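>
In this note's numbering, the protein residues as written are 515 to 998.
Written as structure tokens, this is what we have:
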């Protein structure tokens with residue numbers, strides 16, 4: 515959509531839902547924005563003095579958007595803050611005193627290099643920087659300092675598996691008071707480097723595997739090359755190593771939304787997969803030209819699941835996640851029975867009751883209420899035996915991270931998370947973001963703010979300049995050849 519300097523006409527029936535603050539997609543200046551309800555959808559309209567009017571689709575179901583406000587829960591303050599308020603949100607990250615939520619999941623981007631060149635990469639991965647092991651150790655210590663008892667750290671990039679010190683970084687995280695260690699990967703090195711993978715698997719991290727569909731045509735559009743065989747080979751290796759995997763699918767309109775149901779069915783049948791995460795493509799960083807009025811949103815993904823012939827999951831099975839702003843993410847959990855039955859938890863529990871179990875923790879320990887709920891789940895599934903007291907079921911934030919018990923193999927997660935882009939950025943949502951990017955200077959910057967306002971570019975420029983002055987850390991691709 516091309517912005518215009520002319521005033522925008524008001525369509526008949528349009529409702530002004532609220533006024534907030536956003537940014538100009540061109541210059542990133544902080545500007546006023548309107549959230550509008552029109553034709554059963556939610557839009558953001560805003561005007562920059564220098565670049566004119568902009569409009570983008572926020573949510574493709576206005577009724578659900580309004581109703582989900584009731585799921586907004588009070589946030590939990592972080593143990594410590596890192597910056598003071600000088601300019602106002604989103605220019606004081608972070609985390610500053612105005613932020614309304616602690617960090618459930620912290621990402622450490624160990625490098626900017628990658629062994630793919632994906633057309634839709636919000637990180638715009640490529641040559642740039644590589645963090646050293648001492649730097650990562652300092653960032654992990656900072657995470658513990660900020661959170662007290664952190665829940666999840668995720669190593670990302672770039673592509674983290676091509677960093678030669680990744681194994682030592684995982685060990686460093688596991689040696690600290692951090693509950694879960696994850697690796698976000700495209701799977702190429704897992705598929706192609708068995709000697710390295712044996713060492714990696716011995717550390718038993720949780721795996722966040724990029725998996726966009728079941729056809730090479732999808733990968734050629736979203737990742738730039740056919741990758742299905744590589745993904746399947748990576749999953750085979752992960753299953754053999756008994757590592758737990760969440761499939762992460764970037765969903766783009768008119769590309770692979772029709773595969774959403776098939777991805778879930780594939781995950782349900784695969785021994786390594788414990789859940790699926792759908793992420794509508796974020797139009798930040800590197801991405802093809804797009805129409806911001808036609809972007810994919812969470813309701814679009816739900817409708818794609820509704821349209822799947824198998825019908826395992828329905829829109830009504832999903833619950834907003836109140837740890838972040840409710841319309842940013844939705845989740846459901848299902849029990850997997852002995853005879854292959856899949857029973858979404860909200861079908862056997864009242865949703866309001868289900869939300870009573872939600873706390874501001876990413877992986878809460880099981881309590882009596884959750885145990886009671888799971889016992890009801892067991893009876894509904896007609897499965898003999900009792901529950902596991904040390905199991906975990908997360909319904910509060912980002913991931914399904916159950917304890918390594920038999921119960922964990924019977925709980926399957928499907929989640930949808932929609933990240934803000936320059937067309938939809940909303941300070942109200944940014945202030946409650948519970949995913950942060952750890953910085954080498956001690957800051958923790960909320961994820962969507964980092965990717966839209968300019969923090970990513972500043973960090974990459976600073977770290978790349980440092981690498982040019984010093985000795986860059988060498989990186990290898992998944993088969994041991996020099997990184998292209």
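All C-beta atoms, glycine included, are put in the ideal place defined by N, C-alpha and C.
Just so you know, these numbers come straight off a predicted model, no measurement behind them.
Can you tell me where the beta strand (DSSP E) holding residue 685 begins and where it ends?
Counting along the chain, residue 685 falls outside any beta strand (DSSP E), though it belongs to the alpha helix (DSSP H) covering 680–688.
> Starting from the Cα of residue 813, find the closest Cα among 770, 829 and 934 and give me that residue.
The candidate whose alpha carbon is nearest that of residue 813 is 829.
> Where are the alpha helix (DSSP H) runs, 4 residues long or more, that stay fully inside the stretch 782–835, in chain order?
Note on the stretch 782–835: whole alpha helix (DSSP H) runs with a minimum of 4 residues are 812–820, in chain order.
> Is DSSP giving residue 588 helix, strand or coil here?
Coil, per DSSP.
> Within the continuous alpha helix (DSSP H) that includes residue 555, where are the two ends?
From DSSP, residue 555 is part of no alpha helix (DSSP H) but of the beta strand (DSSP E) over 555–562.
> I'd like to check one pair, residue 562 with residue 543: are the Cβ atoms closer than 8 Å?
yes
> Tell me which same chain residues have a C-beta within less than 7 Å of the C-beta of residue 661, skipping the five on either side of it?
592, 593, 616 and 617
> Leaving out the 5 sequence neighbours to the left and right, which residues in its chain are closer than 6 Å to residue 670 when beta-carbon positions are compared?
621, 623 and 698
> Just tell me which of 589, 535, 598 and 634 has its CA closest to the CA of residue 803.
634
> From what residue to what residue does the alpha helix (DSSP H) around residue 717 run?
708–717
> Do you know offhand how far residue 860's Cα is from residue 977's?
Residue 860 and residue 977 have their C-alpha atoms roughly 46 Å apart.
> Would residue 469 and residue 583 be called neighbours here (beta carbons separated by less than 8 Å)?
With the chain running from 515 to 998 in the structure shown, residue 469 is simply not present.
> Going by C-alpha distance, which of 772, 785 and 696 is nearest residue 755?
785
> At the level of alpha carbons, what is the spacing between residue 525 and residue 817?
26 Å
> Compare the C-alpha of residue 572 against each of 805, 603 and 948 and name the closest.
Checked all of 805, 603 and 948; the closest Cα to residue 572 is 805.
> Since residue 736 contacts residue 770 with CB under 8 Å, what's their CB separation in whole angstroms?
With a Cβ gap of about 7 Å, residue 736 and residue 770 count as contacting.
> Considering only C-alpha positions, which residue in the set 683, 536 and 966 is nearest to residue 1017?
The chain is shown from 515 up to 998; residue 1017 falls before or after that span and cannot be answered.
> Pull the bridge partners of residue 668 from the DSSP assignment, please.
621 and 696
> I'd like to know whether the C-beta atoms of residue 704 and residue 748 end up nearer to each other than 8 Å.
yes
> So what does DSSP say about residue 729, is it helix, strand or coil?
coil
> May I ask you to report which of helix, strand or coil DSSP gives residue 543?
Residue 543 carries a coil assignment under DSSP once its states are collapsed to helix, strand and coil.
> Identify whether residue 533 lies in helix, strand or coil by the three-state DSSP scheme.
strand
> Restricting to Cα atoms, I'd like to know which of 560, 540, 553 and 527 is closest to residue 533.
560
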